[in-house]
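Number of protein chains: 2
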Amino acid sequence: MAGTNSERELLTEGPAIILAYPQLGENIGMVARAMANFGLSELRLVNPRDGWPNEKARSAASRADHVIDRAKLYGTLEEAIADLNFVYATTARDRDGYKPVRSPIIAARELRQRFKSGQGVGIIFGRERTGLTNEEVALADEIVTFPVNPAFASLNLAQAVLLMSYEWMKTGMASEEETSFQAIEQRPATKEQLNGLFQHLEEALDARNYFRPADKKPKLVENLRAVLTRPSFTESEIQVLRGVISSLDRFTRENPRGSGAPVDSSKGRGRKVHGGGDD
Amino acid sequence: MAGTNSERELLTEGPAIILAYPQLGENIGMVARAMANFGLSELRLVNPRDGWPNEKARSAASRADHVIDRAKLYGTLEEAIADLNFVYATTARDRDGYKPVRSPIIAARELRQRFKSGQGVGIIFGRERTGLTNEEVALADEIVTFPVNPAFASLNLAQAVLLMSYEWMKTGMASEEETSFQAIEQRPATKEQLNGLFQHLEEALDARNYFRPADKKPKLVENLRAVLTRPSFTESEIQVLRGVISSLDRFTRENPRGSGAPVDSSKGRGRKVHGGGDD
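These protein sequences, in sequence, are chains C and E.
Converting from the first sequence to our numbering requires adding 42 to each position, the first position being numbered 1.
Converting from the second sequence to our numbering requires adding 42 to each position, the first position being numbered 1.
Written out as structure tokens, the structure is:
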């Protein structure tokens, strides 16, 4: 799941991620990596305990060097957010306060809208163990909190940054269905192709007295067609199935394809045999 | 941001998380922790390289013991998904195939719907370094892939599990606005309270000849009221502001509150003084 590709577009815009008094260099590195995955690159560090620059951070960043190299250092949280217009504080605890509390998806939309209109925006994350103090939360405009298992709330710093970065990226996408690659588009088979399949199979089965007793044949055919219609086979799938039927119809276990045994040329009624590898 | 609280509801239902041939015990542990955060608990391990049980996994799981203890071991991926009805394969690479490719949010909704109707559902994650082979992807019904920075796609195993678990949890919530706690609800001030504020402030300013020249007064009052109307102050905010005005109005820098200097009783016109700590 790893890989940096410099030929592809490197996304580098969005809210600043502000780490207030982070402790371990490794965690700062993992934050940088989480940000880079979702196109964020502005990392602000408030008085990191283990100093800055920090080689453990660079190593844990897993080549998110553009984030590490541009990280800015501040002495206080106030300084770190001074130039921003709108800031979220992240917290897992009920603050018993009056600030609006948002879910990550709503917060990401608010950030995207303000970012688009030219505002400086950011998200503050607290210390690994203790998070943000009430005084630090008070510096933010609103609170964002993550929906977690009430009995097991144990998101670490980089995971919290990852989730907000992910929600940020999603707000920039055309739709929530969007994916970076798609299945190869497959045209559904035409009704003529589907009918060819039915006839092929029914003829092969009929030749083996599959449809017995005779008065049940219409119902048996109906059931068979229903089974084969439901999956909405594509053109190439129909080809595969025709190849399978031909193979079952024309060869036996005793005389498989390529065995040199004579093939009953009356079978398959001169139809082109599809698929089946080297057939 | 950590903390397990056994009094709260422990969520333990949802899709199985299937790790195909995971390598490091630590990663399995971090996967368990990610799952537990979002209420998932069914972990299936296909032939983990470092064996099972694994103490490094337990340590990295950060007390998600209910996930680690219940993890099931399988020899092959086929066995690990044999009892499931619908399975996603996660991949970051375009598979050049015909399987439907879904975004995490769409996949999570599909899983939730099938889970509700009683189907066994799961999500397969591949090896840390190389992900899933094409043959392994072929065992799944559909593909899920994450929206990432095209030039920096470097989600690790636990992060990928975290994002899918998070999306799963969100599909179980009443709305995307839902948060586990809310701001204390604040009633907007009544118009009478707001008018009291205006009168208080305007009287105090008038006494200081703030509104000059006299013919500009109506416009100055209008502007002031506009400024104070826009924030939709709450009742308690109005109280705070009234306290501020009273304090500025009744005391001076030379004779602050509590200095013992006589207070000009003509100021404040007998109005109750609000807020301002021990005032």
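Glycine included, each C-beta is placed from N, C-alpha and C at the ideal position.
Query raised in the report: With 7 Å set as the bound, which would you pick, yes or no: does the beta-carbon of N69 of chain E sit closer than that to a beta-carbon of chain C?
Result: As a first step, residue 69 of chain E must be located in the second sequence, where it is residue number 27. Output row for N69 of chain E: interface = no.
Requested in this report: Could you spell out where the beta strand (DSSP E) holding A246 of chain E opens and where it closes?
Outcome: As a working mapping, residue 246 of chain E is identified with position 204 in the second sequence. Counting along the chain, A246 of chain E falls outside any beta strand (DSSP E), though it belongs to the alpha helix (DSSP H) covering 233-248.
**Report entry** Nearest-angstrom Cβ-Cβ length linking Q65 of chain C and R91 of chain C, presumed shorter than 8 Å
**Finding:** Numbered from 1 along the first sequence, position 23 holds the residue referred to as residue 65 of chain C. Numbered from 1 along the first sequence, position 49 holds the residue referred to as residue 91 of chain C. Rounded, the Cβ-Cβ distance is 5 Å, consistent with contact.
Report task. In the DSSP assignment, find the alpha helix (DSSP H) that holds F293 of chain E and state where it starts and stops. Result -> Taking the first residue of the second sequence as position 1, residue 293 of chain E is located at position 251. Note, F293 of chain E: premise wrong, no alpha helix (DSSP H); not H, not E.
**Report entry** Local conformation of G173 of chain C per DSSP, three classes
**Finding:** Counting from one through the first sequence, the residue named residue 173 of chain C turns up at place 131. Three-state DSSP puts G173 of chain C in a strand.
**Report entry** Rounded straight-line distance, which links the Cα of E152 of chain E to that of A103 of chain E
**Finding:** Taking the second sequence and counting its residues from 1, the one referred to as residue 103 of chain E is at position 61. Taking the second sequence and counting its residues from 1, the one referred to as residue 152 of chain E is at position 110. In a straight line, the C-alpha of A103 of chain E is about 28 Å away from that of E152 of chain E.
Query - Where the beta strand (DSSP E) containing F128 of chain C begins and where it ends - result: Stepping through the first sequence from its first residue, residue 128 of chain C is reached at position 86. Counting along the chain, the beta strand (DSSP E) containing F128 of chain C begins and ends at 128-132.
Query raised in the report: In terms of alpha-carbon separation, which member of C:A180, C:R144, C:W210, C:E218 lies closest to L53 of chain C?
Result: In the first sequence, residue 53 of chain C corresponds to position 11, counting from 1. Checking every option, the nearest Cα to that of L53 of chain C belongs to C:W210.
Query raised in the report: Hey, T276 of chain E and A231 of chain E: beta-carbon distance below 7 Å or not?
Result: In the second sequence, the residue the question calls residue 276 of chain E occupies position 234. In the second sequence, the residue the question calls residue 231 of chain E occupies position 189. Yes, these two residues count as a Cβ contact at 7 Å.
Query raised in the report: So is G71 of chain E buried or exposed if we call it buried at 16+ other beta carbons inside 10 Å?
Result: Here residue 71 of chain E refers to the residue found at position 29 of the second sequence. Label assigned to G71 of chain E: buried.
Query raised in the report: Which runs of the alpha helix (DSSP H) fall wholly inside the region 67-95 of chain C and span at least 4 residues, in chain order?
Result: 67-79
**Report entry** For K114 of chain C, the first and last residue of its enclosing beta strand (DSSP E)
**Finding:** Residue mapping note: residue 114 of chain C aligns to position 72 of the first sequence, counting from 1. Per DSSP, K114 of chain C belongs to the beta strand (DSSP E) from 114-116.
Query raised in the report: In the DSSP assignment, what residue or residues form a beta bridge with A62 of chain C?
Result: Residue numbering aside, residue 62 of chain C sits at position 20 when the first sequence is read from its first letter. Looking at the DSSP assignment, A62 of chain C forms a beta bridge with C:V88.
Query raised in the report: Are the C-beta atoms of F223 of chain C and some chain E residue less than 7 Å apart?
Result: Your numbering for residue 223 of chain C matches position 181 in the first sequence. Yes, F223 of chain C lies at the interface with chain E (some Cβ there is under 7 Å from its Cβ).
**Report entry** Members of the region 61-90 of chain C near chain E, C-beta cut-off 8 Å
**Finding:** R75, A76, A78, N79, F80, G81
Report task. Check whether the Cβ atoms of L82 of chain E and S207 of chain E lie closer than 7 Å to each other. Result -> Numbered from 1 along the second sequence, position 40 holds the residue referred to as residue 82 of chain E. Numbered from 1 along the second sequence, position 165 holds the residue referred to as residue 207 of chain E. Going by C-beta atoms, L82 of chain E is nearer than 7 Å to S207 of chain E.
Query - Contact residues within the region 138-158 of chain E, judged by C-beta distance below 8 Å to chain C - result: D138, G139, Y140, K141, P142, V143, R144, S145, I147, I148
Query raised in the report: Does P298 of chain E get closer than 7 Å to chain C when you measure Cβ to Cβ?
Result: Translated into the one-based positions of the second sequence, residue 298 of chain E becomes position 256. By this cut-off, P298 of chain E is not an interface position.
Report task. Taking only the alpha-carbon atoms, compute the straight-line gap between N96 of chain C and A124 of chain C and give it to the nearest angstrom. Result -> What you label residue 96 of chain C is simply residue 54 of the first sequence in a count that begins at 1. What you label residue 124 of chain C is simply residue 82 of the first sequence in a count that begins at 1. Those two C-alpha atoms are separated by around 25 Å.
**Report entry** V190 of chain E (DSSP reduced to helix, strand or coil)
**Finding:** Walking along the second sequence from the start, residue 190 of chain E turns up at place 148. In this structure, V190 of chain E counts as coil in the three-state DSSP scheme.
Query - Residues that V203 of chain C contacts on chain E, provided the C-beta gap is smaller than 8 Å - result: For the purposes of this step, residue 203 of chain C is taken as the residue at position 161 of the first sequence. Ordered by position in chain E, no residue passes the 8 Å Cβ test against V203 of chain C, which lies about 11 Å from the chain.
Requested in this report: Label Y130 of chain C either buried or exposed according to how many other C-beta atoms from any shown protein chain fall within 10 Å of its C-beta, with 16 as the threshold for buried.
Outcome: As a working note, residue 130 of chain C is residue 88 in the first sequence. It counts as buried.
Requested in this report: Give the residues from the region 219-244 of chain E that approach chain C closer than 7 Å (Cβ to any Cβ), ordered along the chain.
Outcome: E219, E220, T221, S222, F223, Q224, A225, I226, Q228
Report task. Out of E:G302, E:T118, E:L197, E:Y252, state which residue places its alpha-carbon closest to the alpha-carbon of E170 of chain E. Result -> In the second sequence, the residue the question calls residue 170 of chain E occupies position 128. For the residues E:G302, E:T118, E:L197, E:Y252, the minimum Cα distance to E170 of chain E belongs to E:L197.
Report task. Return the chain-ordered ranges of every alpha helix (DSSP H) run that is complete within the region 254-294 of chain C and spans a minimum of 4 residues. Result -> 259-271, 277-292
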